[in-house]
Every structure is written in structure tokens, then in C-alpha cells.
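So our numbering is basically just the index in the sequence shown, starting at one, shifted up by 2. Where is the CB? At the ideal position from N, CA and C, for every residue including glycine. Values in this document were obtained by computation on a predicted structure and should not be read as measured data.
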Amino acid sequence: MPVMRSLATLAFDCRRSAFFTNELDSALKIVARGDMAPSQMRGAWAGEIGQTQFLASNYMKYAVDYDHNGHRDLIRSVPDVLASTANYLKAYGWRPGQPWGPGTANYKALRGWNKADVYVQTISAMAEKMAGR
3 MPVMRSLATL
13 AFDCRRSAFF
23 TNELDSALKI
33 VARGDMAPSQ
43 MRGAWAGEIG
53 QTQFLASNYM
63 KYAVDYDHNG
73 HRDLIRSVPD
83 VLASTANYLK
93 AYGWRPGQPW
103 GPGTANYKAL
113 RGWNKADVYV
123 QTISAMAEKM
133 AGR
């Protein structure tokens with residue numbers, strides 16, 4: 003789904019107009035920086051960008067050019083995606099090597115990504131399974 007179209011629609015026809023106007027402004031800044039062309043900005047219905055679904059404002063704050071090609075690319079560059087996601091979680095208090103279950107700092111960091119308890123519980127359960135627990 004084209005991110006610019008989604009954000010423009012939500013900015014001008016939504017109960018959260020101020021929020022999405024800020025996201026549209028951030029998306030335009032991403033284009034102005036040369037990180038992506040509008041045609042490359044594809045994502046979810048609410049304008050999230052890339053493999054881990056960054057809001058444009060979070061892209062501006064936390065995206066990392068880990069592959070050092072001059073662009074922060076959360077669509078095609080796995081190194082940029084993983085480093086940016088780690089950077090975001092670190093900013094929200096992620097503690098490496100610590101548990102991520104309810105009541106922990108890492109659980110709180112995951113809630114910074116998505117405030118829905120079902121989302122955080124699902125991510126925690128998947129992480130437990132991947133860790134072999």
C-alpha cells in the first residue's frame with residue numbers, strides 16, 4: 003500500500019488528524035533526505051514503513067544506515083532493518099540478555115513498539131519459542 007497516500011488520507015480525514023499530519027511531515031522528510039522515493043514507500047494501511055513497520059516519525063528518530071550505503075533502507079536492507087529495530091528497542095529501555103516477560107523492562111520496551119497487550123504477549127511467546135524455552 004502506498005504510504006504517502008495512506009498518510010495524506012489519514013491526515014485530512016481522520017479523528018487523529020494531528021498525529022497523522024506529523025507522520026506525513028516525517029514521511030516527506032524521509033523523501034527530502036533521499037532515503038526513499040515516494041514510490042518506494044510501501045507499507046501498512048496506517049503508513050508504517052518497511053519490514054518491521056516503522057512509523058515515519060520513528061524512522062526519523064531511530065533508523066540506522068548499518069550497511070553504510072548512504073541511505074537508511076527499512077524495506078530492502080536487512081542490516082538496516084535489524085539495526086534500526088535494535089536501536090528503537092534500546093531507546094525504549096531494552097536490556098540485552100534479560101527476560102522479556104510481563105513485568106520486565108524488556109516487556110515495557112516492547113510495549114513502546116506496540117501498546118496492545120496481545121501484540122506484546124505474542125512477540126514474547128514467539129521469542130520464548132525461538133529461544134527454545
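query                                                                                                                                                                     : result
For the alpha helix (DSSP H) containing Gly-114, list its first residue and its last residue.                                                                             : 107-115
Can you name the residues that DSSP bridges to Phe-56?                                                                                                                    : Ile-51
Excluding the 5 residues preceding and the 5 following Arg-7 in the sequence, name in chain order all residues of the same chain whose CB lies nearer than 6 Å to its CB. : none
Report the option in Arg-74, Met-3, Pro-101, Tyr-64 whose CA atom is closest to the CA atom of Glu-50.                                                                    : Met-3
Have a look at Phe-22 and Cys-16 and give me their C-alpha separation to the nearest angstrom.                                                                            : 8 Å
Going straight from the alpha carbon of Ser-28 to that of Ala-58, what length do you get?                                                                                 : 5 Å
Comparing alpha-carbon positions, which option in Met-132, Glu-25, Thr-124 lies nearest Trp-47?                                                                           : Glu-25
Taking the alpha-carbon of Tyr-90 as reference, which of Gly-103, His-73, Pro-104, Asn-108 has the nearest alpha-carbon?                                                  : Asn-108
Looking only at its own chain, which residues have a Cβ that is under 7 Å from the Cβ of Trp-102, when we skip the five neighbours before and after it?                   : Asn-108, Tyr-109, Leu-112, Ser-126, Ala-129
Do Tyr-68 and Ala-93 come within 7 Å of each other at the CB atom, strictly closer than that value?                                                                       : no
Helix, strand or coil, according to DSSP, for Arg-78 in the structure here?                                                                                               : coil
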